[in-house]
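Going down the list, the protein sequences come from chains S and Z.
Quick note, the first sequence lines up with residues 513 to 751 if you use the numbering used here.
Quick note, the second sequence lines up with residues 513 to 751 if you use the numbering used here.
Number of protein chains: 2
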Amino acid sequence: MDQKPFLHTVLSPRLLDIYDITNSIVVVIDVFRATSTIATALYNGAARVIPVDSVDKCIEIGKTTGGITAGERDGKVIPGLAYGNSPAEYPRSFIEGKTLVLTTTNGTRLLHMALNCGASEVVTGSFPNLSAVCDYLAAQKKNVILGCSAWKDRFNLEDALFAGAVIQQIQDHFTIHCDSSLMALDMYELHKKDMFSFIRRTTHWHRLASYGLESDLEYCVTPDAANILPFYKDGDLVL
Amino acid sequence: MDQKPFLHTVLSPRLLDIYDITNSIVVVIDVFRATSTIATALYNGAARVIPVDSVDKCIEIGKTTGGITAGERDGKVIPGLAYGNSPAEYPRSFIEGKTLVLTTTNGTRLLHMALNCGASEVVTGSFPNLSAVCDYLAAQKKNVILGCSAWKDRFNLEDALFAGAVIQQIQDHFTIHCDSSLMALDMYELHKKDMFSFIRRTTHWHRLASYGLESDLEYCVTPDAANILPFYKDGDLVL
Numbered sequence: 513m514d515q516k517p518f519l520h521t522v523l524s525p526r527l528l529d530i531y532d533i534t535n536s537i538v539v540v541i542d543v544f545r546a547t548s549t550i551a552t553a554l555y556n557g558a559a560r561v562i563p564v565d566s567v568d569k570c571i572e573i574g575k576t577t578g579g580i581t582a583g584e585r586d587g588k589v590i591p592g593l594a595y596g597n598s599p600a601e602y603p604r605s606f607i608e609g610k611t612l613v614l615t616t617t618n619g620t621r622l623l624h625m626a627l628n629c630g631a632s633e634v635v636t637g638s639f640p641n642l643s644a645v646c647d648y649l650a651a652q653k654k655n656v657i658l659g660c661s662a663w664k665d666r667f668n669l670e671d672a673l674f675a676g677a678v679i680q681q682i683q684d685h686f687t688i689h690c691d692s693s694l695m696a697l698d699m700y701e702l703h704k705k706d707m708f709s710f711i712r713r714t715t716h717w718h719r720l721a722s723y724g725l726e727s728d729l730e731y732c733v734t735p736d737a738a739n740i741l742p743f744y745k746d747g748d749l750v751l
Numbered sequence: 513m514d515q516k517p518f519l520h521t522v523l524s525p526r527l528l529d530i531y532d533i534t535n536s537i538v539v540v541i542d543v544f545r546a547t548s549t550i551a552t553a554l555y556n557g558a559a560r561v562i563p564v565d566s567v568d569k570c571i572e573i574g575k576t577t578g579g580i581t582a583g584e585r586d587g588k589v590i591p592g593l594a595y596g597n598s599p600a601e602y603p604r605s606f607i608e609g610k611t612l613v614l615t616t617t618n619g620t621r622l623l624h625m626a627l628n629c630g631a632s633e634v635v636t637g638s639f640p641n642l643s644a645v646c647d648y649l650a651a652q653k654k655n656v657i658l659g660c661s662a663w664k665d666r667f668n669l670e671d672a673l674f675a676g677a678v679i680q681q682i683q684d685h686f687t688i689h690c691d692s693s694l695m696a697l698d699m700y701e702l703h704k705k706d707m708f709s710f711i712r713r714t715t716h717w718h719r720l721a722s723y724g725l726e727s728d729l730e731y732c733v734t735p736d737a738a739n740i741l742p743f744y745k746d747g748d749l750v751l
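As structure tokens, then:
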């Protein structure tokens with residue numbers, strides 16, 4: 513029998529370069545909320561999402577592309593930008609056919625790092641597109657890195673839970689010698705039935721819920737609400 | 513009521529400098545096997561343990577101190593050194609009153625980093641000295657960093673399990689806004705009753721057990737078998 517491809521989970525962008533990611537598919541995970549919003553906008557017909565790591569770039573690229581500029585700080589739309597980071601702001605009636613220029617910090621940095629480290633493909637994942645991620649990875653028969661965006665390089669639970677959800681579905685297709693993956697799987701299996709209450713214990717919840725984003729955060733851990741697969745190509749996230 | 517001190521868990525040496533560790537007690541954790549062997553040697557009366565990160569340094573310091581040189585590679589004593597890394601090699605009848613110069617990679621590096629980052633105190637912990645670590649931390653009323661040595665910067669389960677065991681005992685004394693700590697606590701509570709079987713799933717187990725070290729590894733997750741607290745002072749680990 514052929515050796516199965518490897519799967520590793522990387523718990524912080526700081527740890528990415530420890531792993532050989534050449535010839536690997538990297539799944540960038542930023543559950544609260546970048547990769548949840550990206551999946552939702554594309555599911556609802558956005559032509560593309562351009563992730564950027566600064567407000568200045570967002571404004572500049574918004575002008576050159578005619579795209580919708582989006583970004584938040586402390587739960588409010590950043591001055592100079594038009595919309596926020598909530599997936600709920602991007603229904604089909606609004607976003608279809610348009611370009612979304614999305615300011616994120618943790619997720620965008622990991623997208624760039626993954627390409628710079630030589631990943632063969634970079635896709636994004638969160639609970640709203642869980643099955644699309646799993647179906648794709650299971651079919652490709654290539655090495656996989658589940659890359660958690662974390663928060664300012666600190667481990668976070670919600671990204672690990674998503675890694676665990678993916679591993680639960682596709683583990684039979686991979687060789688997994690990776691304590692991070694074993695942990696993610698255990699944490700997901702421990703909490704999959706109380707996800708809404710468990711996420712209220714996370715650090716990120718306390719950071720965001722104070723801005724009244726509870727329903728956003730619950731949406732971000734709801735499987736398959738926007739079940740498409742964003743690919744990162746030439747700086748754009750597209751289907 | 514006064515604010516309780518903070519407790520954070522750091523999952524890899526690579527992530528240490530994200531945290532402000534000045535005025536903090538750092539607990540260096542390297543369950544398989546450095547901090548288990550350190551606790552055991554000191555419990556059994558060693559005058560001190562000098563942790564070093566290379567074989568050359570080990571030989572040199574062994575000569576200048578008259579200490580016992582120790583280090584393993586691939587489960588065998590490294591040529592030029594006298595003993596291995598197993599806690600079982602250091603009973604009282606052998607080690608009492610002596611200096612042990614111990615070659616380790618992951619643990620020693622984190623000890624040095626913790627001092628260089630300005631920790632106010634550095635101690636070492638593993639299951640054999642679990643209660644001594646907990647009693648000390650609970651009494652000090654200072655911020656705490658539980659620092660996992662990991663393996664070549666990769667997250668490992670056994671160090672996280674020890675962090676979780678500490679947190680379970682002392683959490684009421686601390687403010688804990690730290691997803692790494694929540695995860696460590698969950699993992700410990702999930703596996704504390706099947707520790708011997710669970711550690712057989714870890715990556716490190718597969719690395720070491722092939723050298724016949726099963727009983728060593730089981731000892732390393734046995735609470736309070738060598739219940740003293742090593743302090744890192746001027747390059748030495750002492751009581």
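Glycine included, C-beta positions come from ideal geometry on N, C-alpha and C.
All values derive from a computational prediction rather than experimental measurement.
I'd like to check one pair, residue j with residue i: are the Cβ atoms closer than 8 Å?
i             : j             : result
residue 543/S : residue 726/S : no
residue 551/S : residue 740/S : yes
residue 690/S : residue 521/S : yes
residue 613/S : residue 592/S : no
residue 634/S : residue 626/S : yes
residue 632/S : residue 537/S : yes
residue 678/S : residue 694/S : no
residue 676/S : residue 700/S : yes
residue 573/Z : residue 594/Z : no
residue 621/Z : residue 565/Z : yes
residue 517/S : residue 656/S : yes
residue 528/Z : residue 665/S : no
residue 615/Z : residue 590/Z : yes
residue 611/Z : residue 540/Z : no
residue 748/S : residue 562/S : yes
residue 519/S : residue 743/S : no
residue 661/S : residue 525/S : yes
residue 663/S : residue 624/S : no
residue 682/S : residue 649/S : yes
residue 629/S : residue 533/S : yes
Closer than 8 Å, CB to CB, is residue i near chain Z or not?
i             : result
residue 530/S : yes
residue 624/S : no
residue 620/S : no
residue 667/S : yes
residue 558/S : no
residue 672/S : yes
residue 729/S : no
residue 692/S : yes
residue 702/S : yes
residue 685/S : no
residue 715/S : yes
Between which two residues does the beta strand (DSSP E) carrying residue i extend?
i             : result
residue 731/S : No beta strand (DSSP E) contains residue 731/S, which is instead part of the alpha helix (DSSP H) from 726–732.
residue 635/S : 633–637
Along the chain, where does the alpha helix (DSSP H) that runs through residue i open and close?
i             : result
residue 718/Z : 715–721
residue 646/S : 642–652
residue 619/S : 618–628
residue 678/Z : 669–682
residue 594/Z : Residue 594/Z -> no alpha helix (DSSP H), and no H or E assigned at all.
residue 604/S : 604–607
residue 555/S : 546–555
residue 566/Z : First-last for residue 566/Z: undefined, no H or E at that position.
residue 709/S : 707–710
From the DSSP secondary-structure annotation, give me the bridge partner or partners of residue i.
i             : result
residue 580/Z : 612/Z
residue 749/S : 561/S and 744/S
residue 518/S : 687/S
residue 538/Z : 634/Z and 657/Z
residue 666/S : 663/S
residue 753/S : Nothing about residue 753/S can be reported from this structure: the residues present for chain S run from 513 to 751 only.
Between residue i and chain S, is the shortest Cβ-Cβ distance under 8 Å, so that the two count as touching?
i             : result
residue 707/Z : no
residue 523/Z : yes
residue 547/Z : no
residue 526/Z : yes
residue 542/Z : no
residue 698/Z : yes
residue 576/Z : no
residue 712/Z : no
Can you tell me whether residue i sits near the ligand MN, meaning its C-beta is under 7 Å from at least one heavy atom of the ligand?
i             : result
residue 521/S : Within the structure as shown, the ligand MN is missing, as the structure has no ligands at all.
query: Counting Cβ pairs closer than 8 Å, one from the region 732–750 of chain S and one from the region 553–562 of chain S, do we hit at least three?
result: yes
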